[in-house]
Structure formats: C-alpha cells, structure tokens
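Start counting the sequence shown at 173; every next residue gets the next number (the numbering used here). For glycine and all other residues, C-beta sits at the position ideal for the given N, C-alpha and C. Computed from a predicted model, the values in this text were never measured in an experiment. Comments concern the structure below.
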Amino acid sequence: MAVSSPDLKAFLLATPFFGGLSPASLDLLVSMLVERRFETGATIVAEGEPGRAMFVVHSGMLEVSERLETGGAILMSSLRPGDFFGEMTLLEMQNRSATVVAETPTVLYELTAQQLYAFYKADIHAYVIVMQNINRELCRRLRRADARIKALEMRER
Numbered sequence: 173m174a175v176s177s178p179d180l181k182a183f184l185l186a187t188p189f190f191g192g193l194s195p196a197s198l199d200l201l202v203s204m205l206v207e208r209r210f211e212t213g214a215t216i217v218a219e220g221e222p223g224r225a226m227f228v229v230h231s232g233m234l235e236v237s238e239r240l241e242t243g244g245a246i247l248m249s250s251l252r253p254g255d256f257f258g259e260m261t262l263l264e265m266q267n268r269s270a271t272v273v274a275e276t277p278t279v280l281y282e283l284t285a286q287q288l289y290a291f292y293k294a295d296i297h298a299y300v301i302v303m304q305n306i307n308r309e310l311c312r313r314l315r316r317a318d319a320r321i322k323a324l325e326m327r328e329r
C-alpha cells in the first residue's frame, strides 16, 4: 500500500523515534528512509550478522527472538506499527543481538548508519533529538527487562 508523504510524516511523528523533530528536520530524515516490504515468515535480521541499519515498523507484526545455548530460541518481544529495532547496531557497531521475523506481511522504513551520519552532518540539533529518543526507548526496554527479571526471581522464591 502506497503511503502519501503527509500520512507518512504524521505516522512517523507519532513514533518514539521521530518525536520532537521540526518539519524541516523530519523532511530531511524522511528523504533518507527506504521502504522495505517483507512477506510472512521472512527473516528481517538474523542474530550474529553484521548490522548497519535500523528499521521503523509501518505495518505488520514481527517477533524478536534470541538463540539459546541448547539450540532453541526464546521469544524476546513482539513488534507492531510505530516500534523500531536495529538501533543498537548503529550505536555500538556490534553484530545483531537478535533475530527479527515477520509474522504478517510487513512494511518497514530503513535508516542506515551512513544515512544517520549524513543526518548528523546536516542537522546536528535534530540528530541530538533522535539520539535522545533512541536512548529513551532503550531505557524503557531496560526497565521492562528489569521487571521481567524481578518477576522471574519472585517466582523462584
């Protein structure tokens, strides 16, 4: 489904990643995004592979899993429209920490490390806002992980 530019901008502004950007900064960032479409069952990123891009979920449902030492995998989270993933590889330049699979037909918007760097060079103020947005989301995820650890610890007592 084609998305008009005003609709896409409104959608992106409502996501944690793009909040607080000026119209001009948003226009610049939107011009850098590449739309990617995936069918049900497609692996978007695989744990352990090099990663140089992050993704914003426009439509679809995805599952995030990590491998276990036993060879199986554990579901870490589910993603839906407005969520983003892959940002860790842009911040720490490490391999992917998890596998993300499309559970339904999915439309994502991709932003590469190179594009993020170009954004930094073009609009450092907006870049700082984006970095703060990423950090806020990472803190939310850490708090959820802490709560899950606490709940598991309480079950064992």
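Asked, Found
"Proximal residues to PHE190 (C-beta, below 6 Å), its chain only, five neighbours per side dropped", "LEU184"
"Residues that DSSP places opposite LEU310 in a beta bridge", "Beta-bridge pairing links LEU310 to no other residue."
"Burial state of GLY243, where buried means 16 or more other Cβ atoms lie within 10 Å", "exposed"
"Contact check, ALA294 vs ILE216, beta carbons under 8 Å", "no"
"Helix, strand or coil at ALA190 [DSSP, three-state]", "Looking at the sequence itself, residue 190 is Phe, so the reference to Ala does not match. PHE190 falls in the coil class under three-state DSSP."
"Rounded C-alpha distance that separates ASN307 from THR261", "13 Å"
"Neighbour-count burial assignment, MET326, 16 or more Cβ in a 10 Å radius", "exposed"
"Simplified DSSP state of MET265, which is helix, strand or coil", "coil"
"Boundaries of the beta strand (DSSP E) in which ALA225 is found, first to last residue", "225-231"
"ALA186, buried or exposed, once every other Cβ within 10 Å from all chains shown has been counted against 16", "exposed"
"Outcome for LEU247 when other beta-carbon atoms lying within 10 angstroms are tallied against a minimum of 16", "exposed"
"Counted within 10 angstroms of its Cβ, other Cβ atoms place MET173 as buried (16 or more) or exposed", "Bear in mind that a pLDDT of 38 at MET173, under 50, signals an unreliable position, so the model cannot answer this."
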